[in-house]
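Engineer: Residue numbering for the sequence shown follows our numbering, starting at 3 and increasing by one per position. Ideal placement from N, C-alpha and C gives every residue a C-beta, glycine not left out. Being a predicted model, the structure only gives us computed values, none of them experimental. The structure is given below, and queries will be raised subsequently.
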Amino acid sequence: MLPLAAAATSHHTGPALLILAVIIITVCYFVACAVWPFTACRHCGGGGQSRSPTRRAYRYCRHCDGTGTQLRAGRRIYTALTHTRSRARRDRPGSPRRTP
Numbered sequence: 003m004l005p006l007a008a009a010a011t012s013h014h015t016g017p018a019l020l021i022l023a024v025i026i027i028t029v030c031y032f033v034a035c036a037v038w039p040f041t042a043c044r045h046c047g048g049g050g051q052s053r054s055p056t057r058r059a060y061r062y063c064r065h066c067d068g069t070g071t072q073l074r075a076g077r078r079i080y081t082a083l084t085h086t087r088s089r090a091r092r093d094r095p096g097s098p099r100r101t102p
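Written out as structure tokens, the structure is:
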């Protein structure tokens, strides 16, 4: 190897690899949110029920309304962004008004 070529190359690939890893993990998470938009409720463990304060009866979980599932945070973000985009496209000047 030539001395000039060795001096020109840098061995500081740590930050670049870290950024690449974060991008890959983020893309994988958003793919997972598209394929599996729901996750088990954190409060009832996916059962849809929780114990009453006296511990004698079951009640529907108030966080998931008894379904046992909740939307993932990434899916919630994706839905909010798509609704914002569609609202902006619908309300721009010059676009024909559609009645809902």
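Report the three-state DSSP secondary structure of SER88 (helix, strand or coil).
Structural biologist: Residue state, collapsed to three classes: helix.
Engineer: How would you call CYS30, buried or exposed, if buried means at least 16 neighbouring beta carbons within 10 angstroms?
Structural biologist: Burial call: exposed.
Engineer: Can you tell me whether ALA59 is helix, strand or coil according to DSSP?
Structural biologist: ALA59: coil per DSSP, three-state reduction.
Engineer: So the beta strand (DSSP E) THR71 belongs to, where does it begin and stop?
Structural biologist: Where THR71 is concerned, the enclosing beta strand (DSSP E) stretches over 71–73.
Engineer: Just reading off the beta strand (DSSP E) that THR41 is part of, what are its end residues?
Structural biologist: Run containing THR41: 40–42, per the beta strand (DSSP E) assignment.
Engineer: With C-beta atoms as the reference, is GLY76 less than 8 Å away from CYS35?
Structural biologist: Result yes, Cβ atoms of GLY76 and CYS35 sit closer than 8 Å.
Engineer: Can you list, in chain order, the residues of its chain with a C-beta nearer than 8 Å to that of ARG44? Leave out the 5 residues immediately preceding and following it.
Structural biologist: Excluding positions up to five away in sequence, the list reads HIS65 and GLN72.
Engineer: Distance, Cα to Cα, ASP93 vs TRP38?
Structural biologist: Taking the straight line joining both Cα atoms gives about 31 Å.
Engineer: Quick one: grab the DSSP three-state call for ARG64.
Structural biologist: The answer is coil: DSSP assigns ARG64 none of H, G, I, E or B.
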